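Under the working numbering, the first residue of the sequence shown carries the number 9, and numbering increases by one thereafter. Backbone N, C-alpha and C fix where the C-beta goes; we use that ideal spot for every residue, glycine too. If you're wondering where the values come from, they're calculated on a predicted model, not measured in any experiment.
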Amino acid sequence: MTHPAVSMVAVVGVPDERLGEEIKAFVVKTPGDPTTEAELASCCKERFAAYKYPRRSPSSTGSR
Numbered sequence: 009m010t011h012p013a014v015s016m017v018a019v020v021g022v023p024d025e026r027l028g029e030e031i032k033a034f035v036v037k038t039p040g041d042p043t044t045e046a047e048l049a050s051c052c053k054e055r056f057a058a059y060k061y062p063r064r065s066p067s068s069t070g071s072r
């Protein structure tokens, strides 16, 4: 999946007490894009199965 607001993303597994492991996404947004983290999360929820979309996602802006 691609989104014009996302420049780069990394998804990793992190420990979770209830599930054993949960998904966490690190997102670098395209500079100047006004899309919010909530809008990106909503986009993921619409396109991915519930167990595949990240519930933890610290995001940053800018490029490397």
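- Under 8 Å Cβ to Cβ from residue 18, same chain only, skipping five residues before and after it: list those, please. 33 and 34
Item checked: Nearest candidate by alpha-carbon position, reference residue 46, set 62, 57, 22 and 29 -> 62
Straight-line Cα distance separating residue 25 from residue 11 = 31 Å
- Pick helix, strand or coil for residue 58, following the three-state DSSP scheme. coil
| task | With residue 23 as the anchor, note down where its beta strand (DSSP E) starts and where it stops. | result | 14-24
- Query: Tell me the DSSP bridge mates of residue 30?
  - Reply: 22
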